[in-house]
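Worksheet: the structure to be examined is printed underneath.
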DNA sequence: CAGCTAACAGATTTCAATATCTGTCAGTCC
DNA sequence: GGACTGACAGATATTGAAATCTGTTAGCTG
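Residue numbers (the numbering used here), protein chains in the order written: chain A, 34 to 232; chain B, 34 to 232.
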């Protein structure tokens, strides 16, 4: 039973893949399942994605990009003071990840598996996020609020230092009681470390 | 073939267990293997450890404690300036973990598996390490080198912020080229954040 | 009698046969 | 004739029967 008569597009395949992953999980989701969900033969799916890995990569990239886009808005908010912008951005990153993990834990676990079987995608995602952070810190350095000889290095340091609050490997900890305070303590320390001497 | 005629002690069982883990890995190491290595029946092992989990826990605790002990020396070196002491301690922690991981990757992977199937042991280990950090930071706060209203909170923040350089989950990254510089950048930022206003 | 063994029940793991999946391609169908 | 199918070979996953392991205990042994 074909779900619609529309032509088969990469986009429709990605949507079906996401649904199959949600239902079956990363280990049991097959290309045949995706084709079945679309009412086509699996050969047709291979017309749009050369391998199963390419399909998984595309769907994962889409998922990661949805997070980056939301944060890009904050990174671009040049009206806010740099410190405020940095704190908001980090809080939004934490909140976004935590929400994804808490909302639908199985889907989050699924994407976590996909993410670390796909080296390149994560690398790009992290480059994207640290790029946004670099822009915030560079703005702060220019305005004199921050001391940062090399904003890109400082951005990576801030990103790594807050890993506990956005790296999926720590997702289990995101529901423990004191986590908000831990986050505040780490961010507070980092912001103090970035601030220019005369405040 | 009994390896010796000595009486069977908990200590001898732990040594044999470590050897069996090194040889077979965490998934295939059995209590029967340990007993065989000691030339006794597995029932004798159960006389000293109530369950297989208890045996694994004891051997893991021993392994973690070997790291803590080395660091305790630095934490107690009260002749060093607080900032120096903090930097040395963090560098020693990174170095210790990195060495363990690089030296015998399979044994490290084995213990990593054990560590995160045993919730309580890690918790104690982390409490031990953050306790050492707290003492260093508290000393810095007293001497006026650091600003830290709550040294224990600051210690946990520093520990979490440097997770990338001691959490086994990141072991893969410890051999990548820029890791030393990343470490320096994070530690530099944290130390700046801890320093009292007038330097 | 303290320390050990050996045999056991139930749970878990292994292994090999069987089924399913991936990726290709010759051929069908608007 | 461009999008799709369906049959195929080799790779991977599933399954269930057999082997092994965990944890207990009755009894041996020095």
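Virtual Cβ for every residue (Gly too), placed ideally from N, Cα, C. None of the values given here were measured: they were computed from a predicted structure.
Tell me residue i's beta-bridge partners as DSSP assigns them.
{"i": "residue 228/A", "result": "179/A"}
Note the first and the last residue of the continuous alpha helix (DSSP H) segment covering residue i.
{"i": "residue 122/B", "result": "115-136"}
{"i": "residue 59/A", "result": "43-61"}
{"i": "residue 74/B", "result": "Taken as a continuous stretch (DSSP letters only), residue 74/B belongs to no alpha helix (DSSP H), as it is neither H nor E."}
{"i": "residue 106/B", "result": "85-108"}
{"i": "residue 193/A", "result": "184-194"}
Can you pull the chain B neighbours of residue i, defined as C-beta to C-beta under 8 Å?
{"i": "residue 199/A", "result": "Going along chain B, no residue has its Cβ under 8 Å from residue 199/A, so there is no contact; the nearest lies around 12 Å."}
Beta carbon of residue i: closer than 6 Å to some heavy atom of the ligand SAH?
{"i": "residue 68/A", "result": "This structure lacks the ligand SAH; in fact it carries no ligand of any kind."}
Residues of chain B with a CB under 7 Å from the CB of residue i: which are they?
{"i": "residue 193/A", "result": "197, 215 and 219"}
Could you work out which residues of chain A lie near residue i, taking near to mean beta carbons separated by less than 8 Å?
{"i": "residue 31/B", "result": "There is simply no residue 31/B to check, as chain B begins at 34 and stops at 232 in what is shown."}
So which residues on chain A does residue i lean against when the C-beta distance must stay under 9 Å?
{"i": "residue 202/B", "result": "200, 202 and 203"}
{"i": "residue 226/B", "result": "221, 222, 223, 224, 225, 226, 227 and 228"}
Residues of chain B with CB closer than 9 Å to the CB of residue i, please, in chain order.
{"i": "residue 55/A", "result": "By Cβ distance, chain B contributes nothing, its closest Cβ being about 26 Å from residue 55/A, past 9 Å."}
If the cut is a Cβ gap below 7 Å, which residues of chain A does residue i touch?
{"i": "residue 186/B", "result": "218"}
Residues in the segment 125-143 of chain A with C-beta within 8 Å of chain B's C-beta atoms, listed in sequence order? none
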